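Everything on this sheet refers to the single structure shown next.
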Amino acid sequence: MAKRIITINRMFGSNGRLIGKTLAEKLDMGFYDKELIDMAAKKNNLPFDTLAKVDEKKASQWMFPVDSELQFTDNFSFIPMNDVLYDLQRKIILSLPQKEDCVIVGRCATNILKDKSLKLFIHAPFEERVQNVIRRTGREEASARKLVKKMDKERRAYYEYFTDSKWMDMTQYDLCIDSSRFSMEQIVEIVKDSL
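Numbering (our numbering), first residue to last: 43 to 237.
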């Protein structure tokens, strides 16, 4: 039997991860964000740190020897490490609807699971996101502004590279929520009513 699945794409600093974690706790569901990197690393005997460097980034110079079935081999055919991680996470994400109710943050899960999940996009005005980053990290304002722009750009490039869809195309999401306009309790109720 298929389970209840919530997938979340989010602007950096919009508290999308916190919202996902809170939803999972309040709705008694599993939670997957960076946990997917750890699962992929352990399942395939790869170093977590190597995978974490390329997480949610489009292809770069990081390469790993694999064969055509994405099996790690000594036959040195190289593909970008980003592609390796995406494929490993994709397989894990596809298996989750049969295993448990869960919330999945990022990693193109909204696209991978398409009609098998409630697809959320969490956003907030730029200034609000900058202030969230300052509160969360203690960065100076100029540094926080730069980081928000950089992370949004990386997330957009990653999503569009692997899905051939526009990250900001709101028609692909079931709910788009401005996290600056609602309390956490209100967001949980909105999502709960939508399941």
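Glycine is no exception: its CB is placed at the ideal position from the N, C-alpha and C atoms.
In this text, all values refer to a predicted model and were calculated from it rather than measured experimentally.
C-alpha distance - residue i paired with residue j, whole-angstrom precision
i, j, result
"Arg178", "Ile154", "30 Å"
"Val175", "Gly55", "6 Å"
"Ile229", "Ser221", "8 Å"
"Leu127", "Asn86", "10 Å"
"Val233", "Thr64", "11 Å"
"Arg46", "Glu227", "20 Å"
"Thr92", "Gln131", "14 Å"
"Phe106", "Ile121", "Residue placement at Phe106 is flagged as unreliable, the pLDDT there being 48, under the threshold of 50; a coordinate-derived value is accordingly withheld."
"Asn124", "Lys156", "21 Å"
"Ser207", "Tyr201", "7 Å"
"Tyr215", "Ser159", "10 Å"
Contact under 9 Å by Cβ, residue i with residue j
i, j, result
"Leu237", "Leu162", "no"
"Ile219", "His165", "yes"
"Thr205", "Thr49", "no"
"Ala82", "Pro89", "no"
"Gly180", "Asp75", "no"
"Asn57", "Arg197", "no"
"Lys100", "Ala199", "yes"
Beta-bridge partners of residue i, as assigned by DSSP
i, result
"Val147", "Ile50"
"Gly72", "Cys144"
"Ile134", "Answer is none; Ile134 lacks a bridge partner."
"Asp220", "His165"
Top-ranked residue by Cα proximity to residue i, from the options
i, options, result
"Asp194", "Asp206, Gly180, Arg171, Lys76", "Arg171"
"Glu142", "Asn51, Leu189, Gly72, Trp209", "Gly72"
### Message
In chain order, what are the residue ranges of uninterrupted beta strand (DSSP E) at least 3 long that sit wholly in the stretch 157 to 197?
### Response
160 to 165
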